[in-house]
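Numbering (the numbering used here), first residue to last: 1 to 106.
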């Protein structure tokens, strides 16, 4: 895998733990862990289904490549969602900070 281990679990936990008060950090870490593992399993299942249900006349390498492009597409969707959240948080910080946030933000 390019880039080594998957940093999404660590990055999600760091972002939520710095944005939430201490009493909610455990729940947030549990939620992040569950969502990361759930999304990995669903994405692998869908990619496997795509690869398995392509026409049998297509070469095996081509079917694997289609599943790979599906993963790249999911990465692009994730980056767009991330960009939207960053834009939204920056605009709310410019308007007067995090309303109701006692965790200090990031």
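No residue lacks a Cβ here, since even glycine has one placed at the ideal position from N, Cα and C.
Supposed close pair residue i, residue j - CB separation, criterion 8 Å
i	j	result
residue 51	residue 72	Not quite, the Cβ-Cβ distance comes to about 14 Å (not below 8 Å), so this is no contact.
residue 9	residue 36	5 Å
residue 70	residue 47	5 Å
Own chain residues within Cβ distance below 7 Å of residue i, not counting five before or after
i	result
residue 54	63, 66
residue 12	32, 36
residue 90	none
Contacts around residue i, its chain only, beta-carbon distance under 8 Å, and the 5 residues preceding and following it disregarded
i	result
residue 1	With a pLDDT of 46 at residue 1, under the threshold of 50, the predicted position of this residue should be treated as unreliable, and no value is reported.
Q: Identify every run of the alpha helix (DSSP H) within the segment 20–84, keeping only runs that are complete inside it and at least 4 residues long; order them along the chain.
A: 22–53
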